[in-house]
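Report on the structure given below.
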Amino acid sequence: MKIDRILVFTNVNLKTREEVYQFVVKQEFPSDIENAKKLSRELVDREAQGNIQIAESIVLPHAECNYIQRSKLLLIKTQRSIDTWSSDIHDIKVVIVMLLKSDESRNVKMQFVDIMRQLGKDELIEQLLSEDDPELLLKLLS
């Protein structure tokens, strides 16, 4: 895939949505507290606009911001299921976070659209849930 980056994290000890979002913003802005807070708010606000669950045990939080340096996907597999993501979403094992630059090129946006289409396939969903090898997970989304 030609998206700037796909980052894969497996066996991550995260127990709540808040911990996931803290993990994500630390990956994106390790020393920029102001932008980290903005991104965290953006993820929560976008989630409030609609359901982010794309399959059983998988969520796709996303944000489109002008302060993100490079568009990317972060695939996070937790050590244990997140029992309660929100009042409507439970038993989450895979989190795919899409961070998109506001002024991203049409070409890259179309690559994200292609990945979203692939995520509609049951076979890919099953592989994302069952696979733990970071390199194989990366290939699944590439």
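Note that UniProt numbering gives residue 47 to position 47 of the sequence shown, counting from 1, and the numbers run on in steps of one.
All residues carry an ideal CB built from backbone N, CA and C; glycine is no exception.
Could you tell me which residues DSSP puts in a beta bridge with residue i?
i	result
leucine 43	None, per the DSSP bridge assignment.
glutamate 64	Leu100
residue 160	Residue 160 is absent from the structure shown; the chain starts at 1 and stops at 142.
phenylalanine 23	BP columns for phenylalanine 23 are empty, so no partner.
valine 12	Thr78
glutamine 53	Val59
Rounded to whole angstroms, how far is the Cβ of residue i from the Cβ of residue j, which I believe are closer than 8 angstroms?
i	j	result
valine 97	leucine 73	7 angstroms
leucine 99	alanine 63	6 angstroms
leucine 39	phenylalanine 29	7 angstroms
With burial defined as no fewer than 16 other Cβ atoms inside 10 Å of the residue's Cβ, what is the status of residue i: buried or exposed?
i	result
leucine 136	exposed
proline 61	buried
isoleucine 33	exposed
leucine 48	The sequence given here places alanine at residue 48; leucine does not occur at that position. Classification of alanine 48: exposed, given that the 10 Å Cβ count is below 16.
valine 12	exposed
valine 59	buried
serine 102	exposed
serine 71	buried
tyrosine 42	Here residue 42 is glutamate; the residue named in the question, tyrosine, does not match the sequence. The residue in question, glutamate 42, is buried, as its Cβ has 16 or more Cβ neighbours within 10 Å.
Is residue i helix, strand or coil by DSSP?
i	result
aspartate 83	strand
arginine 70	coil
asparagine 107	helix
isoleucine 6	strand
Expressed to the nearest angstrom, what Euclidean distance is found between the alpha-carbon atoms of residue i and residue j?
i	j	result
serine 142	glutamate 123	15 angstroms
asparagine 107	threonine 16	34 angstroms
isoleucine 68	isoleucine 6	14 angstroms
serine 89	serine 81	In the sequence as presented, serine is not what sits at residue 89; that position holds isoleucine. Computed Cα separation, rounded: 12 angstroms.
glutamine 79	lysine 26	19 angstroms
valine 95	isoleucine 76	5 angstroms
serine 31	glutamate 131	32 angstroms
lysine 37	aspartate 114	29 angstroms
Counting only beta-carbon atoms, is residue i nearer than 8 angstroms to chain D?
i	result
aspartate 32	The structure shown contains no chain D; it is built from a single protein chain.
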